[in-house]
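Below is one structure, written out as structure tokens; comments come after it.
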Amino acid sequence: MFAQGAAADTYRFATFNTELSRKGPGLLLRDIARGEDDQIAAVLAILAEADADVIALQGFDYDLTGAALALFAERAGYPFHFALRPNTGMATDLDMDGDGRLGGPRDAQGYGRFTGAGGMAVLSRFPILGDAVQDFSALLWEDVPGALLPEVNGTPFPSAAARAAQRLSTTGHWIVPVDLPAGQVSLMTFHASPPVFDGPEDRNGRRNHDEIRLWQMILDGEFGTAPTARFVLAGDANLDPEDGQGRKGAIRALLADPRLHATTPSGSSGTDTVDWRDPVPGDLRVSYVLPSTDLRVVDSGVMWPAPGTALADVAATASRHRLVWVDLAIPAPSE
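Per my numbering, numbering through the sequence shown is continuous, rising by one, with the last residue being 332.
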């Protein structure tokens, strides 16, 4: 519980799909270490401009030793960082996409040319309570109640064996507690599958829907131990509630959940958060920062600088995605 009338400090939570994924393992570490890569420099400049206290990153290659993330966090000025092995690039030895071939990037648990490709990470100015992290990434899709599992002519797509092996999370679903001076706040983060690049079975669209819906099931207590207060859901849902392709019900239900502030950060392109090719898919809102309603929202925004400015060029060099941030007034808990 919060002390009545307690003073509150303001903390900035953010999410950013950096698209810092390379064509092979170890290449991101190489490029960070060399210090000559324009995209990495631009991402670091965006992070410096955003000045977030806690930020969820997507599209960041994972390596087993954590060397790339550790060096990047150091360059970005963040003393604490966290990552787990993602489902992207995790081999299955099965035909997971139904193309009749094995070993392709779509035959991994999540799309990826190598283990850890395009993973997730968390950077923080404050200690991350790694021992208390909850990781739902190994949850099988078929074990989710009411799952929209793909079928063709009444049979599992692409096969019963693939269905039995398929994890729900394309990249991961994590609950990461952070020890702020105001007390513990839980970051709930994920990077969902794009609801495209499939066939009439709508495998990716169905998976995207259920990846988003999982958060409400976690909050309902169906999986793990959900935070009941002081949490922030931040990540790339790969789904716009109004425009583009995908099953809109999942993201609309999440935005309507009474446990969450349905924040609508905006930048020079309104609430859109990604600059995809026009006219299709076009600019869409796919990244979100949604705090629990016991936290007070002070301000929010999308770092989409106005065209023609120097920062606009930096943002475009960094990623097609734009960083999304929310400032929260968080009082210290009462004694």
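Glycine included, each C-beta is placed from N, C-alpha and C at the ideal position.
Bear in mind the structure is a predicted one, so any value in this text is a computation, not a measurement.
By the Cβ neighbour-count rule, residue 150 is exposed, with fewer than 16 other Cβ atoms within 10 Å of its own. Counting every other CB atom within 10 Å of its CB across the protein chains shown gives residue 306 a total below 16, marking it as exposed. Here residue 118 is near residue 80, since their CB atoms are less than 7 Å apart. When DSSP states are grouped into helix, strand and coil, residue 40 belongs to the helix group.
Residue 168 sits close to residue 85, with the two beta carbons spaced by under 7 Å. At least 7 Å separates the beta-carbon of residue 7 from that of residue 40.
When rounded, the separation of the alpha-carbon atoms in residue 52 and residue 11 is 5 Å.
Put simply, the backbone Cα of residue 298 is about 12 Å away from that of residue 282. Under DSSP, the beta-bridge partners assigned to residue 148 are 153. Cβ-Cβ distances below 6 Å link residue 120 to 52, 70, 75, 78 in the same chain, with the five nearest sequence neighbours on each side left out; the list follows chain order. Setting aside the 5 residues that flank it on each side, residue 177 is surrounded in the same chain by 8, 123, 327, each with a C-beta closer than 7 Å to its C-beta; the list follows chain order. Counted as a single uninterrupted DSSP element, the stretch harbouring residue 306 is not any alpha helix (DSSP H), since DSSP gives it neither H nor E. Comparing C-alpha distances from residue 229 to each of 202, 187, 146 shows the shortest one belongs to 187. Contact between the region 221 to 228 and the region 287 to 304 is present: 3 or more CB-CB pairs across the two stretches fall below 8 Å. Contiguous beta strand (DSSP E) elements confined to the region 229 to 298 occur at 284 to 288, taking only those with 3 or more residues. Residue environment for residue 154: buried (at least 16 other C-beta atoms within 10 angstroms of its C-beta).
Excluding residues up to 5 positions away in sequence, 314 lie with their Cβ nearer than 7 Å to the Cβ of residue 35 in the same chain. Put simply, the backbone Cα of residue 136 is about 25 Å away from that of residue 238.
Collapsing the DSSP output to three states places residue 9 in a strand.
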